[in-house]
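Enquirer: Numbering (full-length UniProt numbering), first residue to last: 1 to 135.
A virtual CB, placed ideally from N, CA and C, is assigned to each residue, including glycine.
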């Protein structure tokens, strides 16, 4: 009986060592925005500019956060801004890429899925008018 109990105890220890690793995997939330993306959204909210906030203004505000990476932070901000524009969380008011001015897409943040599709169609219409006016 003691041997069986010892085997169960060893098996229990082995099983428990596997379960924390499983727990760690489960604790990671899927499809959650990265912390730099959240920082960008919060910063633009804080700035609250009518015509959108530039990368420089976003960067200057973001630097004030304690965990912000001083060496590579600007690059991380660029990538997160591009990703946020891609998934319609941000609207690019002026410029291309990470340059220009960015506003929060209120329809996407408040409405959900339907607002995002409407804004992307509206956004493509803006691009078409901008390209024709340049010619």
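Measuring straight from C-alpha to C-alpha, what distance separates residue 103 and residue 45?
Expert: In the chain shown, counting from the first residue as 1, residue 103 sits at position 103. In the chain shown, counting from the first residue as 1, residue 45 sits at position 45. C-alpha separation (whole angstroms): 9 Å.
Enquirer: Whole angstroms is fine: what's the gap from residue 48's alpha carbon to residue 58's?
Expert: Against the chain shown, residue 48 aligns to sequence position 48. Against the chain shown, residue 58 aligns to sequence position 58. So the alpha carbons of these two residues sit roughly 11 Å apart.
Enquirer: In whole angstroms, what is the alpha-carbon distance linking residue 110 and residue 51?
Expert: Residue mapping note: residue 110 aligns to position 110 of the chain shown, counting from 1. Residue mapping note: residue 51 aligns to position 51 of the chain shown, counting from 1. Near 19 Å, if we compare the C-alpha coordinates of residue 51 and residue 110.
Enquirer: Between residue 66 and the rest of its own chain, which residues show a CB-CB distance below 8 Å, the 5 nearest in sequence each way excluded?
Expert: Here residue 66 refers to the residue found at position 66 of the chain shown. Nothing listed; no residue qualifies.
Enquirer: When we look at the beta-carbon of residue 60 and count the other beta-carbons within 10 Å, is it buried (16 or more) or exposed?
Expert: Position 60 of the chain shown, counted from the first residue, corresponds to residue 60. Its Cβ having fewer than 16 others within 10 Å, residue 60 is exposed.
Enquirer: May I have the straight-line CA-CA distance separating residue 108 from residue 76, to the nearest angstrom?
Expert: Counting from one through the chain shown, the residue named residue 108 turns up at place 108. Counting from one through the chain shown, the residue named residue 76 turns up at place 76. For residue 108 and residue 76, the distance between alpha carbons rounds to 23 Å.
Enquirer: Can you tell me which of 56, 96, 71, 79 puts its alpha carbon nearest to the alpha carbon of residue 38?
Expert: Translated into positions along the chain shown, residue 38 becomes position 38. Selected option, being the one with the closest Cα: 79.
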